[in-house]
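In the working numbering, the protein residues as written are 5 to 351.
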């Protein structure tokens with residue numbers, strides 16, 4: 005794709021998300037989602053091949069169905085309240101339809117099936133946009149309608165997402181699919197806290213985006229897409245390998261790394277609201293995620309890939325990829341825990 009075309013398309017994606025986040029009129033919200041959807045399709049098909057076409061088609065059909073449901077919810081709300089304002093309290097039926105539509109857009113279970121398939125079919129850079137930027141718009145609408153969401157519906161979807169995000173990633177060898185299941189699990193954590201502390205959801209989203217961005221950039225730097233190719237990185241870039249090790253533990257939510265902050269604060273908030281089973285279940289299922297992150301860590305940093313001398317020649321070439329953003333991102337993805345008291349004040 006030529007740079008001017010790519011810039012125009014990216015600007016459309018960004019402006020679509022911005023319209024969704026800032027609009028106070030339901031029709032403008034819907035238009036923002038449509039702009040975003042139609043502009044992201046060429047980005048998903050940047051590397052033109054049958055798999056990318058299939059992935060983009062799956063994504064389009066899912067998102068178009070979600071947009072249709074969203075419009076249906078908007079019309080139900082319009083018939084009951086006779087106005088288009090986003091801040092207006094929603095009709096219960098409209099709230100359920102809209103929550104379902106936004107869950108489809110986010111990839112929350114049971115509407116999660118498209119996430120691993122689409123992520124696996126597209127390039128690393130497109131997958132990065134899909135799993136980070138594309139989550140902002142639906143979550144901003146969920147944030148705005150959070151007082152009127154049906155709690156049973158959202159908590160059921162949250163629990164299922166965390167469980168499926170854990171189970172689904174266990175047997176994977178493709179890094180993009182692992183990141184997709186990781187995304188489903190993180191969305192589940194965000195949905196769980198949405199009813200009780202929407203601000204906490206924004207904190208979780210920020211840390212999730214930072215960690216996912218860093219992970220994808222490290223994978224792109226090493227040009228790795230599978231666990232077997234990741235196991236050769238110790239010989240090429242030992243320092244980057246050790247960063248991947250720490251980052252995987254942060255994604256799993258181990259203290260004293262940044263990934264522990266959202267899990268700690270969400271469990272604390274749910275316990276304050278006299279929920280015991282939900283945080284217990286979330287914490288237990290987080291161990292599944294931790295297992296497959298640790299498996300990645302093991303293959304990357306703790307195993308020495310068998311190689312002979314003639315193989316090492318190609319690893320003598322100088323790196324041409326820029327790593328300007330990597331150092332600050334790695335620091336943010338691993339060392340934010342001391343800021344927790346300040347972040348808890350924001351809530």
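Here a beta-carbon is modelled for each residue, glycine too, at the ideal position from N, C-alpha and C.
Report the residue from the options whose alpha carbon sits nearest the alpha carbon of residue i.
i	options	result
residue 62	348, 49 and 197	49
residue 195	184, 209, 183 and 185	209
residue 232	307, 141 and 84	307
residue 277	200, 238 and 111	200
residue 205	249, 269 and 244	269
residue 220	122, 252 and 350	252
residue 185	301, 39 and 112	112
residue 395	38, 26, 170 and 94	Residue 395 lies beyond the range of the chain shown here (5 to 351); nothing can be said about it.
residue 21	39, 338, 11 and 53	39
residue 403	121, 198 and 172	Outside the shown range of the chain, which is 5 to 351, sits residue 403, and nothing can be said about it.
residue 97	121, 131, 47 and 153	153
residue 295	272, 110 and 254	254
residue 223	273, 164, 330 and 175	330
residue 150	57, 93 and 182	93
residue 104	156, 60 and 303	156
Between the alpha carbons of residue i and residue j, how many angstroms are there, rounded?
i	j	result
residue 139	residue 240	33 Å
residue 180	residue 55	14 Å
residue 133	residue 144	17 Å
residue 234	residue 228	6 Å
residue 259	residue 124	30 Å
residue 325	residue 226	9 Å
residue 131	residue 285	29 Å
residue 300	residue 121	20 Å
residue 53	residue 13	19 Å
residue 281	residue 202	20 Å
residue 88	residue 106	18 Å
residue 175	residue 117	16 Å
Which term fits residue i, buried or exposed, when burial requires 16 or more other beta carbons within 10 angstroms of its beta carbon?
i	result
residue 313	Any reading at residue 313 needs caution, since the residue's pLDDT is 49, under 50, leaving its predicted position unreliable; the model's value is listed next. Residue 313 should be labelled exposed.
residue 191	buried
residue 86	exposed
residue 65	exposed
residue 161	buried
residue 142	buried
residue 352	Here the chain has residues from 5 to 351 only, and residue 352 is not among them.
residue 167	buried
residue 8	exposed
residue 57	exposed
Can you give me the Cβ contacts of residue i inside the same chain, cut-off strictly under 7 Å, excluding the 5 residues immediately before and after it?
i	result
residue 265	211, 340, 341, 344 and 347
residue 76	101
residue 33	24, 27, 90 and 145
residue 95	80, 81, 84 and 85
residue 119	111, 184, 187 and 188
residue 247	222 and 334
residue 16	39 and 43
Might you give, ordered along the chain, the residues of its own chain that have their beta carbon closer than 6 Å to the beta carbon of residue i, omitting 5 neighbours on each side?
i	result
residue 51	127
residue 216	135 and 136
residue 257	263, 264, 267 and 290
residue 41	67
Once the 5 residues before and after residue i are set aside, which same chain residues still bring their CB inside 8 Å of it?
i	result
residue 108	66, 67, 69, 70, 73 and 115
residue 148	90 and 91
residue 336	214, 218 and 262
residue 177	230, 231 and 232
Who are residue i's beta bridge partners in DSSP?
i	result
residue 289	None; residue 289 has no bridge partner.
residue 178	230
residue 29	89
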